[in-house]
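Student: Pasting a structure below so you can have a look.
There are 2 protein chains.
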Amino acid sequence: MMTRVLGMVWIRVWKDWDEKRREWLDLHGSFKSGLEERVLVVTGSQPGPCRNPIGDHLLLRFFKNKVDYCRIHGYDIFYNNVLLHPGMHSFWAKIPVVRAAMMAHPEAEWIWWVDSDAAFTDMDFKLPLQRYKNHNFVVHGWEKLIYEKKSWTSLNAGVFLIRNSQWALDFMDVWSGMGPQTPNYAKWGEILRETCKDKAFYDSDDQTGLVYLLLKENEKWGNKIYVEGEYYFEGYWLEIVETLDNITAKYNDIERGASRLRRRHGEKVSEGYSAMWGEYLKDAGYGKFSWRRPFVTHFTGCQPCSGQHNQMYSGTSCWDAMQKVLNFADNQVLRNYGYVHRDLLDSASVSQLPFDYPA
Amino acid sequence: MMTRVLGMVWIRVWKDWDEKRREWLDLHGSFKSGLEERVLVVTGSQPGPCRNPIGDHLLLRFFKNKVDYCRIHGYDIFYNNVLLHPGMHSFWAKIPVVRAAMMAHPEAEWIWWVDSDAAFTDMDFKLPLQRYKNHNFVVHGWEKLIYEKKSWTSLNAGVFLIRNSQWALDFMDVWSGMGPQTPNYAKWGEILRETCKDKAFYDSDDQTGLVYLLLKENEKWGNKIYVEGEYYFEGYWLEIVETLDNITAKYNDIERGASRLRRRHGEKVSEGYSAMWGEYLKDAGYGKFSWRRPFVTHFTGCQPCSGQHNQMYSGTSCWDAMQKVLNFADNQVLRNYGYVHRDLLDSASVSQLPFDYPA
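Okay, here's the thing in structure tokens:
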């Protein structure tokens, strides 16, 4: 009965949202300027301590990384660590959080869910929102793998951008309808395994659910969903970690030749300095095989909190890679404070930077 | 030699800061409006995992609490978890962080250091900055205890507000001159124990150092230091925790009688709704014996990360009190998202709130 009652509340609240939001914006007109670019980052983790002894320390660092990115770009960020719907655990928990965030933040055009185990690794990069102006949902993936291979890893549901809209609420209602809070959960497990033959585990999950909706209800939802494959909207850590040393060297080389890039500056004007990089990065490409900093590095399969990482790699390789990635990101931040981690595997040590570094 | 070299860099960088900052503001004129109210919150913890198994989880929650407060009030927040000066460990570590933050944030008039084990427990309350307009440094304390008792606990150095200025840099140079990075550290330990007879431990510490400067160099620094004792600029958790249930009941009573206070609203307009509370709180008082929500609750002596808490109380009393305080604060935030912790000791469970709660 619990689920039904909660379900009713849910439906009662979330009707005519586009009109209600428009009314709110009319009442609070100061939020209309810049509306299309206004993003609220939402992330979170479970309410209790991690089982893995280093887990909460890593969650703290991942959160700091996101707060750094948001401060630099003027985004708000909300960290949730309560289960808003008692039945919607694990990866399903984010859906009620995103929904609640839409309501509490009518001024935000986009809610950007970012998993706790994903880190911003290019502090300069901004979402190309213009590209998504006709879409309501953005996810990282590859259309070929979705429509031809029907693979459950053809996209990644750990990072997504969703427009604050009635469309989003309707979509999340359908999407979450495959979740553990419904009586149809077991049946959805079967259907999803039937649809994506490579699905790795038994229970219905949000990611395969998304692939299912793209495959089976494409007419209803597909035209508003943008599958982003051109840059690391999120990227697989194993593909990224080994490239970070070369990327650092390449960026340092460029800076040695361009004094204006080396200028120490206030964090608040970082976006202006980032823009100067444009001409130097125009041949860098994006994503795999590029020497541009990867935008978001995602530790899919590492499970920093439970410690139940994918058996393909050892715990140590996950934790070391996380330190490396977090310090790579931190160096971009610390620089404006006058410091650098010389060794990306040494989180504790920093050196003070001379003013014209790295000339 | 390390310390000397670092010391030289330090001095070279930090001259004529008021002029440099003014030049920066002239170049970036958009930051001049609202300058006096612009605050950067700075906090942080050590680079590695906590020794106490629940420590990092608590640090994560304390950080979330601060990010919530900053989001609601439009403040930036910087979390530091590296030791910027290898010699300045423990409580001394914050001084180089605050200094670096001033430089990276010339647009911020105030840097507000808040210890990792302090939580905002009144999400509505704002610093009365107008009161500090002729001062450069604000700390919680009691003048009587400073000047008559010469007690090392006559003030608390875990939370302070410092004006982004050359005064602040000069003051921090003198203050940090008692720290572990200097050859005079042992001598300062003796001097501080001599000055504050009740000092609980041997080594020179920043808090007793501050009392020393107020007592011995008052003519040089005292007129710019504001000792705030009127409200919980920070408050001792043991004094606060037992009052939270009554405070909750009192606020709920007021809301039952005033429908405009109950109105669910977007988080971005929270400050407007907080202002409505003014008339209902005018008899509440501030600080001890008040039924107003305490502004900042500080877990002095609890040591959430090392677990080496004051032997006066058990670990459990610290951790339970932290959960209670953090959930008390979280309820003020979650409310706009439509949820509440019914039981302040149960961090995992929330209920959905009806729209006119608590009518």
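So the protein sequences, as listed, match chains A and B.
Oh and the first sequence: position 323 is 323 in UniProt numbering, straight run, nothing missing.
Oh and the second sequence: position 10 is 10 in UniProt numbering, straight run, nothing missing.
Beta carbons are placed, not taken as given, at the ideal position from N, Cα and C, and that holds for glycine.
Note that the structure is predicted; figures quoted are calculated from it, not measured.
Check the Cβ of residue 50(B) against every Cβ in chain A and list those closer than 9 Å, keeping chain order.
Tutor: Per Cβ cutoff of 9 Å: 56, 57.
Student: What is the C-beta distance between residue 297(B) and residue 237(B), in whole angstroms, given that I count them as a contact (C-beta under 8 Å)?
Tutor: About 5 Å; that satisfies the 8 Å criterion.
Student: Evaluate contact between the segment 209 to 216 of chain A and the segment 169 to 180 of chain A, counting only Cβ atoms and requiring at least three cross-stretch pairs below 8 Å.
Tutor: yes
Student: Which whole-angstrom value is the C-beta distance of residue 115(B) and residue 158(B), which I expect to be below 8 Å?
Tutor: 4 Å
Student: Excluding the five sequence neighbours on either side, which residues of its own chain have a C-beta within less than 6 Å of the C-beta of residue 270(B), listed in chain order?
Tutor: 72
Student: So what does residue 361(B) bridge to, in DSSP terms?
Tutor: Lying before the first or after the last residue shown, residue 361(B) is absent from chain B, which here runs from 1 to 359.
Student: To the nearest angstrom, how far is it from the Cα of residue 259(A) to the Cα of residue 328(A)?
Tutor: 22 Å
Student: At what residues does the beta strand (DSSP E) containing residue 157(B) begin and finish?
Tutor: Segment 155 to 163, the beta strand (DSSP E) holding residue 157(B).
Student: Just the Cα atoms here: how many angstroms apart are residue 189(A) and residue 150(A)?
Tutor: 16 Å
Student: Can you give the Cα-Cα distance for residue 310(A) and residue 304(A), rounded to whole angstroms?
Tutor: 11 Å
Student: Tell me, to the nearest whole angstrom, how far the beta carbon of residue 384(B) is from that of residue 64(B); I am working on the premise that it is less than 8 Å.
Tutor: Residue numbering for chain B in the displayed model covers 1 to 359; residue 384(B) lies beyond these limits and cannot be assessed.
Student: Does DSSP put residue 280(A) in a helix, a strand or coil?
Tutor: Three-state DSSP puts residue 280(A) in a helix.
Student: Quick one: does residue 338(A) have its CB under 8 Å from some CB of chain D?
Tutor: In summary, chain D is missing from the structure at hand, where the protein chains are A and B.
Student: Who are the near neighbours of residue 154(B) in its chain, counting only those whose CB is closer than 7 Å to its CB and skipping five residues on each side?
Tutor: 141, 142, 145, 146, 211
Student: Counting only Cβ pairs nearer than 7 Å, list the residues of chain A close to residue 47(B).
Tutor: 347, 348
Student: What are the residues that DSSP puts in a beta bridge with residue 266(A)?
Tutor: Answer is none; residue 266(A) lacks a bridge partner.
Student: Can you pull out the residues from the segment 92 to 124 of chain B whose beta carbon lies closer than 9 Å to at least one beta carbon of chain A?
Tutor: From the segment 92 to 124 of chain B, only 97, 100, 101, 103, 104, 105, 106, 107, 108 have a Cβ closer than 9 Å to chain A.
Student: Can you find a CB in chain B that lies within less than 8 Å of the CB of residue 266(A)?
Tutor: Yes, residue 266(A) lies at the interface with chain B (some Cβ there is under 8 Å from its Cβ).
Student: Is residue 57(B) helix, strand or coil by DSSP?
Tutor: Correct three-state label for residue 57(B): helix.
Student: In whole angstroms, what separates the C-alpha of residue 94(B) from that of residue 163(B)?
Tutor: 15 Å
Student: Would residue 160(B) pass as a contact of residue 232(B) if the rule is Cβ separation under 8 Å?
Tutor: no
Student: Could you give the DSSP three-state label for residue 371(A): helix, strand or coil?
Tutor: The structure shown does not extend to residue 371(A), since chain A spans only 1 to 359, so no value can be given for it.
Student: What are the partner residues of residue 323(A), as DSSP defines its beta bridges?
Tutor: Partner(s): none; residue 323(A) has no beta bridge.
Student: Just the C-alpha distance for residue 2(A) and residue 317(A), rounded to the nearest angstrom, thanks.
Tutor: A caution first: residue 2(A) carries a pLDDT of 35, below 50, which makes its placement in the model too unreliable to give a value.
Student: Interface residues of chain A around residue 295(B) at Cβ under 7 Å?
Tutor: Per Cβ cutoff of 7 Å: no residues; residue 295(B) is ~21 Å from chain A at best.
Student: Any Cβ of chain A within less than 8 Å of the Cβ of residue 24(B)?
Tutor: yes
Student: Less than 6 Å between C-beta atoms, sequence neighbours within five positions excluded: which residues of the same chain meet that for residue 274(A)?
Tutor: 124
Student: Does the CB of residue 20(B) have a neighbour CB from chain A at under 8 Å?
Tutor: no
Student: According to DSSP, residue 225(A) sits in a beta bridge with which residue or residues?
Tutor: 137(A)
Student: Suppose the cutoff is 7 Å on Cβ atoms and the five residues either side in sequence are ignored; what does the same chain contact list for residue 9(A) look like?
Tutor: Legend: pLDDT at residue 9(A) = 43, less than 50; position of this residue unreliable, value from coordinates given subsequently. Taken in chain order, the list of residues that qualify is empty.
Student: Can you give the beta carbon distance from residue 100(B) to residue 40(B), rounded, assuming they're within the 8 Å contact cut?
Tutor: Actually they are not in contact, since the Cβ atoms of residue 100(B) and residue 40(B) sit about 11 Å apart, beyond 8 Å.
Student: Residues of chain B with CB under 9 Å from residue 63(A), in chain order?
Tutor: 60, 63, 64, 67, 79
Student: Return helix, strand or coil for residue 233(A), following the three-state DSSP convention.
Tutor: Of the three classes helix, strand and coil, the one that applies to residue 233(A) here is coil, per DSSP.
Student: Given that residue 31(A) touches chain B, what residues does it touch there, using C-beta distances under 8 Å?
Tutor: 268
Student: Using 10 angstroms around the beta-carbon of residue 136(A), count the other beta-carbons present and answer buried if the total reaches 16, otherwise exposed.
Tutor: buried
Student: By the DSSP assignment, the beta strand (DSSP E) with residue 79(B) in it spans what residues?
Tutor: Residue 79(B) -> beta strand (DSSP E) spans 76 to 80.
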